[in-house]
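Novice:
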Amino acid sequence: RARNAPLQPAGRTAITPALPLPDLGQLTETSSTAGAILRNERQILDGAKLPSAMSTRKPTLMTTTMKDRAAERNGARRTVYGVRANNKYHEEVRMNGGRGSTEFPFKGGDTYVGEWANNVEEGFGTKTWVKGHKYEGEWMAGMRHGKGTFWVKEGGRLRKQYAGDWQNDQRHGQGIFMMANGDKFEGEWMSNERHGAGVIKYAEGSDCIMYDGSWANGKRTGLGVLTMANGDRYEGHWLDDKKEGPGRYFYRSTSKVYEGEWVDDIPKCGEFKEAPPGSFDDFPVGGQADANPFTGAAASNSAGVFALPDLKLIQPDSVVTEAVATIRQQRAKDLGAPGLKVFESKEIQSLKKIFAAYDERDTGFVTCGDLLGLLQAAGVNVTPSTVEDLVLSLEADSATQLTFAEFVDIAALLMDGEGYEPDQSAEFDFGQGDGQDTYM
1 RARNAPLQPA GRTAITPALP LPDLGQLTET SSTAGAILRN ERQILDGAKL PSAMSTRKPT
61 LMTTTMKDRA AERNGARRTV YGVRANNKYH EEVRMNGGRG STEFPFKGGD TYVGEWANNV
121 EEGFGTKTWV KGHKYEGEWM AGMRHGKGTF WVKEGGRLRK QYAGDWQNDQ RHGQGIFMMA
181 NGDKFEGEWM SNERHGAGVI KYAEGSDCIM YDGSWANGKR TGLGVLTMAN GDRYEGHWLD
241 DKKEGPGRYF YRSTSKVYEG EWVDDIPKCG EFKEAPPGSF DDFPVGGQAD ANPFTGAAAS
301 NSAGVFALPD LKLIQPDSVV TEAVATIRQQ RAKDLGAPGL KVFESKEIQS LKKIFAAYDE
361 RDTGFVTCGD LLGLLQAAGV NVTPSTVEDL VLSLEADSAT QLTFAEFVDI AALLMDGEGY
421 EPDQSAEFDF GQGDGQDTYM
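Throughout the sequence shown, residue numbering follows my numbering, covering 1 to 440 in sequence.
Written as structure tokens, this is what we have:
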């Protein structure tokens, strides 16, 4: 036995390990792979400060939870590329019995650069679609929402189409829309449609220059002014992109104006007369359009003024206003206007007689001061205070003149839409008219 050799129990052989055995604590905390992963994950998730040697690099091993959290799109991001199915790949797989394809299953899709929240676009960002269209502006919950600009790809180039307000991925609010033909609309939008007040300026070479007025569901509806390239102008009411209701059409070449009622874009009844002074200041006679559509005896004189022939119709104002009243009643009937009395032909004749009784001088007008008596004679159960309030709402007074058409409108408004009982003591009663036009 060698000197200083350690004593061994009898029957046992000494074993010297090739490497020193680690401490049990060290084995648990540093040598164990699972321990290293848990510690690194805990430090990352809990926000613990890594040692200086590890603070400049990411852990080499990441769990699924760590990878999912790292992949979440929140805050500002660089370009995020979308993918879409490659139809060629699926077609080849189907044709060769599922043995694969030379095509890749996916191909590039839309791209987005900007801010995110909860894995959807939120904030400010720019998106480019596969077809080349582009939007730059504000987003909310993955949809265009707020201020933004949209371009369309046409012929290999981007053309700005819309700049303005968006809501839930639709044009909504104030905005400017540029059409491919050069027309430009600036005004209010609702659910991708022009709706509200707006101005459209037509491209050079169009028959129209500009329309300024009201819109509804993408069409001219309400009160508006249309200016034509030849200097003509229409001021009045519209319905579904057509002239409908009272309106005036100014003819610049003849310095005349037609004022009356329109139905389905066609003038039905009205008065053709000299235009008021200053009606063509923007387009003076002899300027942009010199052509006179009238020839022969009706042609303009040497001064460029079209002379109207003398009309021989007796009481033309009464004829026109009666026709206007009839057309408006027919329109109310066709549109099914709620809360508005629609008169039959005999009732119109009876109202005409009542009106004539108060129009003693056959001027075609009565005053608002006569309105209460007119309505009571027509069998309308109305109080003086109601009539006074109505006159005030019209910004009129007792001396303001009313036409027959306006009287019919007021009577229809005040009468019950389900019918009424005329005043049997009234001198003129409904249903007793002879149907003859006493003014013709």
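Cβ atoms here follow ideal geometry from the backbone N, Cα and C, with glycine treated the same way.
Remember, predicted model here, so these are calculated numbers, not experimental data.
Taking the C-alpha atoms as reference points, what is the distance between G132 and T63?
Specialist: 38 angstroms
Novice: Report yes or no: do three or more beta-carbon pairs, one from the stretch 98–105 and one from the stretch 125–139, lie closer than 8 angstroms?
Specialist: no
Novice: Determine, using beta-carbon pairs with one atom in the stretch 188–199 and one in the stretch 158–178, whether at least three such pairs fall under 8 angstroms.
Specialist: Taking 8 angstroms as the limit for Cβ pairs, the verdict is that the stretch 158–178 does touch the stretch 188–199.
Novice: Please state the DSSP three-state secondary structure of V130.
Specialist: coil
Novice: Excluding the 5 residues preceding and the 5 following E186 in the sequence, name in chain order all residues of the same chain whose CB lies nearer than 7 angstroms to its CB.
Specialist: I176, G198 and V199
Novice: Since M62 is in the alpha helix (DSSP H), which residue starts that stretch and which ends it?
Specialist: That residue, M62, is in no alpha helix (DSSP H); it is neither H nor E in DSSP.
Novice: Going by beta-carbon coordinates alone, are Y251 and D232 separated by less than 8 angstroms?
Specialist: yes
Novice: Tell me, to the nearest whole angstrom, how far the beta carbon of G224 is from that of D212; I am working on the premise that it is less than 8 angstroms.
Specialist: About 6 angstroms separates the beta carbon of G224 from that of D212, a gap short enough to meet the 8 angstroms contact definition.
Novice: Is it the case that the Cβ atoms of E261 and I327 are separated by a distance below 8 angstroms?
Specialist: yes
Novice: Taking only three categories from DSSP, how would you classify V380?
Specialist: coil
Novice: Whole angstroms is fine: what's the gap from Y89's alpha carbon to V80's?
Specialist: 23 angstroms
Novice: Are A412 and T367 closer than 8 angstroms when you measure CB to CB?
Specialist: no
Novice: Determine the burial state of G108: buried for a count of at least 16 other Cβ atoms within 10 Å of its Cβ, exposed for fewer.
Specialist: Per the 10 Å Cβ criterion, exposed.
Novice: Between which two residues does the alpha helix (DSSP H) carrying R252 extend?
Specialist: Here R252 belongs to no alpha helix (DSSP H), and DSSP marks it neither H nor E.
Novice: From Y234, E235, N230 and G98, pick the residue whose C-alpha is nearest to that of S253; which is it?
Specialist: N230
Novice: Which word fits V120, buried or exposed, when buried means at least 16 other C-beta atoms lie within 10 angstroms of its C-beta?
Specialist: exposed
Novice: Helix, strand or coil for F124, going by three-state DSSP, please let me know.
Specialist: Residue state, collapsed to three classes: strand.
Novice: Just to confirm the assignment: which complete alpha helix (DSSP H) runs, minimum length 4, are found wholly within the stretch 185–242?
Specialist: none
Novice: Which of the three DSSP states, helix, strand or coil, is assigned to E136?
Specialist: strand
Novice: In this structure, how does DSSP classify K341 when only helix, strand and coil are distinguished?
Specialist: coil
Novice: Go to A412, then tell me how far its alpha helix (DSSP H) extends in each direction, as first and last residue.
Specialist: F404 to L414
Novice: Grouping DSSP H, G and I as helix and E and B as strand, with all else coil, what is M178?
Specialist: strand
Novice: Let me make sure I understand the geometry here. Which of S206, G137 and R94 has the alpha-carbon closest to that of E115?
Specialist: G137
Novice: Taking the alpha carbon of F404 as the reference point, which residue from Q161, P384, D362 and D207 has its own alpha carbon closest?
Specialist: Of Q161, P384, D362 and D207, the residue nearest in Cα terms is D362.
Novice: Where does P9 land, buried or exposed, given buried means 16+ other C-beta within 10 angstroms?
Specialist: Any reading at P9 is ruled out, since the residue's pLDDT is 48, under 50, leaving its predicted position unreliable.
Novice: Relative to the C-alpha of A357, which residue among G379, P384, R331 and G373 is closest?
Specialist: G373
Novice: Based on Cα-Cα distance, which residue from E344, K184 and A76 lies nearest to K201?
Specialist: Closest by alpha carbon: K184.
Novice: Could you tell me the alpha carbon to alpha carbon distance between E395 and E122, rounded to whole angstroms?
Specialist: 51 angstroms
Novice: What are the boundary residues of the alpha helix (DSSP H) that includes R94?
Specialist: Here the alpha helix (DSSP H) through R94 covers N87 to M95.
Novice: Closest by CA to R84, which one among R94, R99, D110 and A76?
Specialist: Selected option, being the one with the closest Cα: D110.
Novice: Quick check on DSSP: helix, strand or coil for E347?
Specialist: helix
Novice: Hey, quick one: how far does the beta strand (DSSP E) through E154 stretch, first residue to last?
Specialist: M143 to E154
Novice: Considering just the uninterrupted stretch of the beta strand (DSSP E) at D370, what are its terminal residues?
Specialist: In the DSSP assignment, D370 falls outside any beta strand (DSSP E), carrying neither H nor E.
Novice: Per DSSP, V80 forms a beta bridge with which residues?
Specialist: Y112
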